[in-house]
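Have a look at the structure below, then the notes.
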Amino acid sequence: MTLKRKLLVLLIVAFGGIQFVPVERGNPAVESDFDGPPAIAAILRRSCYDCHSNETAWPWYSWVAPMSWMLAEHVEDGRKRLNFSEWDEDEAWDSMEEIGEEVAAGNMPLKNYLLLHRDARLSDADREALLAWSGYQGVAEGGGEPEDDGHDHD
Ligand code: HEC
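The sequence shown begins at 0 in numbering that gives the first Met the number 0 and counts up by one.
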């Protein structure tokens, strides 16, 4: 065998091998659900539920390592921080505030997820609706102490 061939065989064997690493890819029971306005629920469902609920639609490539590892990690992390399937009235205000911050900052949905899920993109209208609903106030610009007002000090 040529070196090229040997390397190719090695690669195939390694790729086959990593398929046996177990990946947590379950959907635990849905305990509760987001109960805000239906228009907001629809946006969240479309753009956020794959990582922030127990109703993840696991795509075919979630069965193929190493992609599966990255996906499982995003879902695990995402659910830990915010899980609409464990929506809790008492924590709703906190969650709304965090959602407002993430959406305003353009952090969510994760960028690499949007490459393969174009329908999950937030339109400008979606973003505005989420921000209005969340009560996002924005961060005051400048901040800090007012400038010296120019009065003489003698
Ligand atoms: C591809 C998976 C994925 C999607 C889709 C996604 N998120 Fe996330 N989200 C994560 C991960 C992973 C984290 C935790 C790590 C981080 O902050 O980057 C996170 C963190 C958050 C947090 C932060 C919570 C905290 O503890 O600060 C909020 C809020 C959030 N996401 C809201 C949303 C909203 C709203 C959407 C839909 C518009 C959304 N996410 C879509 C994966 C996702």
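Backbone N, C-alpha and C fix where the C-beta goes; we use that ideal spot for every residue, glycine too.
- Here S67 has V22, R24, Y60 and S61 as same chain residues with Cβ atoms under 8 Å from its own Cβ, once five neighbours each way along the sequence are excluded.
- Collapsing the DSSP output to three states places H116 in coil.
- Counting C-beta pairs with one atom in each stretch, the segment 43 to 60 and the segment 106 to 117 have three or more that are closer than 8 Å, which means they touch.
- Closer than 6 Å to some heavy atom of the ligand HEC: that describes the Cβ of I98.
- Within the model, the alpha-carbon separation for K79 versus L7 is close to 39 Å.
- Under the DSSP assignment, Y48 falls in the alpha helix (DSSP H) whose first and last residues are Y48 to H51.
- Around the Cβ of A71, a 10 Å sphere holds 16 or more other Cβ atoms; the residue is buried.
- By the CB criterion at 7 Å, W86 and D123 fall outside the cutoff.
- Between I42 and W132, the CB-CB gap reaches or exceeds 7 Å.
- A check of alpha carbon separations from P65 across L121, R120 and G15 identifies G15 as the nearest.
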